[in-house]
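Input: a single structure, listed below in structure tokens.
Protein chains: 2
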Amino acid sequence: VTLFDGARSSHTPELAFSAAGLHRAGELRDRAGTQKELMARPDARAIIICADTPVLGFANGELLAHHDIDLATGLGDIVEAAFLGLDGERPVFGLHLAPSSHEALKASSALKLIDMRSIAIQGLFTPDTVNDIGTAKALFSWHARHRFCSNCGAPTTPASAGWKRVCEACSSEHFPRTDPVAIMLAVDGDRCLLGRAPRFPATMFSCLAGFMEPGETFADAVRREIKEEAGVDVGRVRFLDCQPWPFPSSLMIGCLAEATSTTITLDDELADARWFTRDEVRLILAGQHPDGITCPPRMAIANHIMRAFAEGVSGS
Amino acid sequence: VTLFDGARSSHTPELAFSAAGLHRAGELRDRAGTQKELMARPDARAIIICADTPVLGFANGELLAHHDIDLATGLGDIVEAAFLGLDGERPVFGLHLAPSSHEALKASSALKLIDMRSIAIQGLFTPDTVNDIGTAKALFSWHARHRFCSNCGAPTTPASAGWKRVCEACSSEHFPRTDPVAIMLAVDGDRCLLGRAPRFPATMFSCLAGFMEPGETFADAVRREIKEEAGVDVGRVRFLDCQPWPFPSSLMIGCLAEATSTTITLDDELADARWFTRDEVRLILAGQHPDGITCPPRMAIANHIMRAFAEGVSGS
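Structural data, given as structure tokens:
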């Protein structure tokens, strides 16, 4: 089993947001006039986000994520624009339309608003396009929460073609957040630990997960989270794969871990946690568990970590 | 060669900031009165940071990082306090003293101010203590730059015993940043690509590195950075190890990558970049390169990635 590989292992055929997307062409972001010049090109396209939701169009009866930029800029007030990169020679932008446009866009028969999660679960676009839409969503969600300078409180303005914000009052530069989250499966021989968050459907179980903190390695974060949430101790930790996760702007770091204790003590972040055998996990993944236990869809790294375990990867 | 292991591979005996530090006891952070009650305990200790610099004491002629909390709180105005965790039963806090205290602290014969980098390079404390000092430094550097709400511009106040800031005006919660940075060595058979940043000493070369962006996997970030900075194309990417890096608050993600082109085209982030053979890298690591080429110290992950390559790990 190849545990990590730029070309993706056999565990991750459908891991969403992980395909390499556009050539980002970062060297163009700070070139004076780039944004204006590239947006004026007749072949320019735009991915549109409004109220955290991708705005899709139609071409020949098929859903379409890339709009003609002239059409896109006419749909509503543009809160933010970002140069996402080049598709061959073609510039692709993200446009963030004002939330006030949301109802009008929803009412348009030429458009369809589908939430990001559904797009990824249903695989409505090629993996690279799903990644590009996710990148635009993550970027605009960061912009929306960073209109003011955290250093001095003054308003900030976007710069670098949408890839940073600057404060003219104190000269601070602010860059998009990418928050690492450890997500992991503690393994005790032939069993693994799955938990149910209070917000989950009653039958759904998944890997435990939590935001990494300053000063932590992947392994330390994995150990802390499993101990905090389930009271289980962990020894060796093994990195499996990562996944950008635009809800709102995380980087999931998937690990398997060797449990060194088995008694479960829940904190209030979990509604339940249990040990499941490898056979049970296979049944859960196949949608055939006798108690109707389900798990996250194939597009999520939790599914892929569970699949790796089901296929025999261990925590040590 | 074990490429990743919670217990650290043989490549990483001295990787700084990576030892598991204190038991963080996160469940205590939000318990009412915790901070006050634990700080009042006679066995409580404090790690002190002033103007980004650790403030050390002496005990029996030895440098000491953990001060008696009564002594520590009397040294100057406390800008921020954070509950770092438990050392056995003993609570350990971080204290951020006002930069205005800096000169007075420096003048005290009972104290010694040593910058974080020197502490790590010289291995002045045990690895877990170095990690705790680094965590305090990263946390306070984040607090210092987040006194205002990025969402609405109002002042924020610390909460959760120093692990978040809240905005009373708009109810936003803000958590410490941990910025993932891809750091990598492109490998072409028996050669690897090292670069020299303009700020480096004239003879020093290191791995290339850059902040990860929303929507990127480790592999995508590695490919983008190597292409942007040196014009070299990369195929497979292999994760080696990670390192928390408190300058100011990064998470280094160390990778080896298979080069698929070899012509170097520099952008302005690098002053130079060259291919070095495995033998040359061994000489650099040993401080015996005929042209006097040097590299980052053993405490930095760049050194460990170079060491892995020197010992035969490849990019594919």
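Top to bottom, those sequences are chains A and B.
Numbered continuously in this note's numbering, the first sequence closes out at residue 307.
Numbered continuously in this note's numbering, the second sequence closes out at residue 307.
We treat Cβ as the ideally placed atom computed from N, Cα and C, and that holds for glycine.
Asked: With DSSP as the reference, label B/Ser151 as helix, strand or coil.; Found: helix
Asked: Assign A/Gln26 to one of three DSSP states: helix, strand, or coil.; Found: helix
Asked: DSSP three-state label for B/Asp170, please.; Found: strand
Asked: Any idea if A/Asn294 is buried or exposed, counting beta-carbon neighbours within 10 angstroms, 16 or more meaning buried?; Found: buried
Asked: With 7 Å as the threshold, decide whether the Cβ of B/Thr169 is near any Cβ in chain A.; Found: yes
Asked: Could you tell me the boundaries of the beta strand (DSSP E) in which A/Gly245 lies?; Found: Ser241 to Ala250
Asked: Less than 8 Å between the CB atoms is what I'm expecting for B/Ile124 and B/His87, so what's the real figure, rounded?; Found: Going by Cβ atoms, the distance from B/Ile124 to B/His87 rounds to 12 Å, so no, they are not a contact pair.
Asked: Are A/Gly283 and A/Asn122 closer than 7 Å when you measure CB to CB?; Found: no
Asked: What residue ranges within the stretch 13 to 65 of chain B form continuous alpha helix (DSSP H) runs of no fewer than 4 residues, ordered along the chain?; Found: 25 to 30 and 60 to 64
Asked: For B/Cys233, which residues in chain A fall below 7 Å Cβ to Cβ?; Found: Thr208 and Phe209
Asked: Would you be able to state if there are at least three C-beta pairs under 8 Å between the stretch 230 to 237 of chain A and the stretch 31 to 39 of chain B?; Found: no
Asked: Name the chain B residues that come within less than 7 Å of A/His58, Cβ to Cβ?; Found: Those do not exist, as A/His58 stays about 19 Å from chain B at its closest Cβ, beyond 7 Å.
Asked: Between A/Arg298 and chain B, is the shortest Cβ-Cβ distance under 7 Å, so that the two count as touching?; Found: no
Asked: Measure the C-alpha to C-alpha separation of B/Glu317 and B/Pro118 and round it to an integer number of angstroms.; Found: With chain B covering -8 to 307 only, the question about residue 317 of chain B has no answer from this structure.
Asked: Which term fits B/Ser9, buried or exposed, when burial requires 16 or more other beta carbons within 10 angstroms of its beta carbon?; Found: buried
Asked: Tell me, which residues are paired with B/Ala264 by DSSP?; Found: B/Gly186
Asked: Could you name each continuous alpha helix (DSSP H) segment of 4 residues or more that falls completely within the stretch 111 to 152 of chain A, going from the start of the chain to the end?; Found: 118 to 135
Asked: Helix, strand or coil: which one does DSSP assign to A/Phe310?; Found: Residue 310 of chain A is absent from the model: chain A starts at -8 and stops at 307.
Asked: If you draw a straight line from the alpha carbon of B/Val157 to that of B/Pro146, how long is it in whole angstroms?; Found: 9 Å
Asked: Scan the stretch 135 to 148 of chain A for residues whose Cβ lies nearer than 9 Å to a Cβ of chain B and list them as they occur along the chain.; Found: Ala135, Arg136, His137, Arg138, Phe139, Cys140, Ser141, Asn142, Cys143, Gly144, Ala145, Pro146 and Thr147
Asked: Short of 8 Å in beta carbon distance, which residues of its chain neighbour A/Cys161, apart from the five on each side in sequence? Order them along the chain.; Found: Cys140, Asn142, Cys143 and Ala145
Asked: If we ignore side chains and look at the alpha-carbon of each, how far apart do A/Ala42 and A/Leu104 end up?; Found: 10 Å
Asked: Skipping 5 residues on each side, what residues in its chain have a beta carbon closer than 6 Å to that of A/His134?; Found: Glu71
Asked: Is the beta carbon of B/Pro189 within less than 6 Å of some heavy atom of the ligand GTP?; Found: By its list of ligands, the structure shown contains no ligand whatsoever, and the ligand GTP lies outside what it can speak to.
Asked: Quick check on DSSP: helix, strand or coil for B/Met297?; Found: helix
Asked: Going straight from the alpha carbon of B/Met203 to that of B/Ala101, what length do you get?; Found: 42 Å
Asked: Opposite B/Leu104 in the DSSP bridges: which residues?; Found: B/Val46
Asked: Taking C-alpha atoms, which residue in B/Lys218, B/Ser99 and B/Asp270 lies nearest to B/Gly180?; Found: B/Asp270
Asked: Rounding to the nearest angstrom, what Cα-Cα distance links A/Glu260 and A/Glu207 in this structure?; Found: 20 Å
Asked: Can you look up B/Leu86 in the DSSP assignment and give me helix, strand or coil?; Found: strand
Asked: When you compare the CB of B/Ser9 with every CB in chain A, is at least one pair closer than 7 Å?; Found: yes
Asked: Please decide whether A/Thr117 counts as near chain B, where near means a Cβ-Cβ distance under 7 Å.; Found: no
Asked: Verify the CB distance criterion: does B/Ser240 have a CB-CB separation below 7 Å to chain A?; Found: yes
Asked: Could you tell me which chain D residues have their CB closer than 9 Å to the CB of A/Thr126, listed as they occur along the chain?; Found: As a matter of chain content, chain D is missing from the structure shown, whose protein chains are A and B.
Asked: By a C-beta neighbour count over all protein chains shown, 10 Å radius and 16 as the cutoff for buried, is B/Ala350 buried or exposed?; Found: A question about residue 350 of chain B goes unanswered here, because the residues of chain B that appear run from -8 up to 307.
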